[in-house]
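In this note's numbering, the protein residues as written are 126 to 275.
Each residue gets a CB set at the ideal place from its N, CA and C atoms; glycine is no exception.
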């Protein structure tokens, strides 16, 4: 039997190229605009930010699940995501998404395993698997430096 899950958001136009996106009850709405490059208002979330945020948050959640399942305890994970939008036949689209996680581990012996788990998280991420864009993972694993106390 196949599992099926449904998620829903709504967006309401407010003015110009702006609006508010909402999800389930109790989750605050997020004001957004088209990006300034497309004559939107600066300083607001854009649909492009939402997509990259979905990639970043999905990757973090997937890594958390993979690490938990593997009984791996990282010291920290920080991720940034960069997207390239280009004009192609039919209009603009994301052509490349670069995922840049920095995993910090406590023990140098965990570096190789951490790299493998980052790669596994990228493959497990529902959002990146759903995209047509090229998705590139450039991970880095660092060892936590102990801070000497005086």
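Practice task
Measure the alpha-carbon distance for residue 226 versus residue 207 and round it to whole angstroms.
Solution key: 11 Å
Practice task
Enumerate in chain order the residues of its own chain whose CB-to-CB distance from residue 199 is below 7 Å, with the five nearest sequence positions on each side excluded.
Solution key: 192, 228, 229, 230 and 239
Handout entry: Residues that residue 241 bridges to, as DSSP identifies them
Key = Looking at the DSSP assignment, residue 241 forms no beta bridge with any residue, so it has no partner.
Exercise for the section: Could you tell me which residues DSSP puts in a beta bridge with residue 226? Expected result: Answer is 204, bridged to residue 226.
Exercise for the section: Below 7 Å CB to CB, which residues in the same chain sit around residue 246 once its five sequence neighbours on both sides are set aside? Expected result: 184, 187, 188 and 191
Practice task
Output the distance between the C-alpha atoms of residue 127 and residue 254, rounded to the nearest integer angstrom.
Solution key: 18 Å
Problem - residue 152, buried or exposed, once every other Cβ within 10 Å from all chains shown has been counted against 16 - result: exposed
Problem - Beta-bridge pairing of residue 249 - partner residues as DSSP gives them - result: Beta-bridge pairing links residue 249 to no other residue.
Problem - Proximity below 8 Å, CB of residue 256 to CB of residue 222 - result: yes
Exercise for the section: Can you grab the Cα-Cα spacing for the pair residue 164 / residue 181, in whole Å? Expected result: Whole-angstrom Cα-Cα distance: 26 Å.
Problem - First and last residue of the uninterrupted beta strand (DSSP E) at residue 135 - result: 135-140
Exercise for the section: Ignore the nearest five residues each way along the sequence and tell me which others in residue 145's own chain have a CB closer than 8 Å to its CB. Expected result: 136, 137, 139, 154, 155, 156 and 157
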